[in-house]
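Chemist: Start counting the sequence shown at 485; every next residue gets the next number (my numbering). A virtual CB, placed ideally from N, CA and C, is assigned to each residue, including glycine. If you're wondering where the values come from, they're calculated on a predicted model, not measured in any experiment. Below are the structure tokens for one structure; questions will follow.
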Amino acid sequence: MDFIILFLLIILIFLLVLILMFLYKSKNKLDEKLENYRFEMEDELTKIINNYDILFEQNLKKLDLLINKYNKISSKQESIKITNASVEGKKKILYSQNEEENLKIKKILQLINSGNSPESVAKIMGIGTGEVNLYVNFYNDK
């Protein structure tokens with residue numbers, strides 16, 4: 485009887501050792517998978533950060549362009565005198581450097597107000613469409 489109990493005890497200890505070995509191997513495999521997953525996540529995070537850096541630089545360039553455009557427009561408006569002109573029966577303040585410029589602005593606004601498109605006004609006046617739109621937006625409050 486003692487022999488059978490001893491034999492069962494040895495088998496039980498052996499099974500326990502096998503179970504512990506299996507658990508240890510499983511833990512190592514899980515650790516390895518976790519480490520691989522961590523490296524993959526670091527790579528993905530690095531890609532995302534790089535994409536945001538690229539987008540940030542692109543937006544900075546766009547902002548610089550807008551600032552430069554604004555500075556060009558505002559520098560044109562700083563060195564000008566104020567005169568009055570009547571357009572569509574309303575009193576408008578026109579900013580120009582001289583009378584020729586005033587007449588040009590009046591003509592552009594009259595053409596626009598009589599239904600011409602900015603493109604046709606640009607052709608009539610011999611200037612760019614962007615300049616017509618600038619005058620219309622700035623002087624005619626559209």
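#1: DSSP state of N586, grouped into three classes?
#2: If we ignore side chains and look at the alpha-carbon of each, how far apart do E528 and I538 end up?
#3: How should V501 be labelled, buried or exposed, when 16 other C-beta atoms within 10 angstroms of its C-beta is the threshold for buried?
#4: The alpha helix (DSSP H) that contains M609, what's its start and end?
#5: For I608, count neighbouring Cβ atoms within 10 angstroms of its own Cβ and tell me buried if that reaches 16, exposed if not.
Modeler: In brief:
#1: Of the three classes helix, strand and coil, the one that applies to N586 here is helix, per DSSP.
#2: Distance between the alpha carbons of E528 and I538 is about 15 angstroms.
#3: Flag for V501 reads exposed.
#4: First-last of the alpha helix (DSSP H) with M609: P602 to M609.
#5: Flag for I608 reads exposed.
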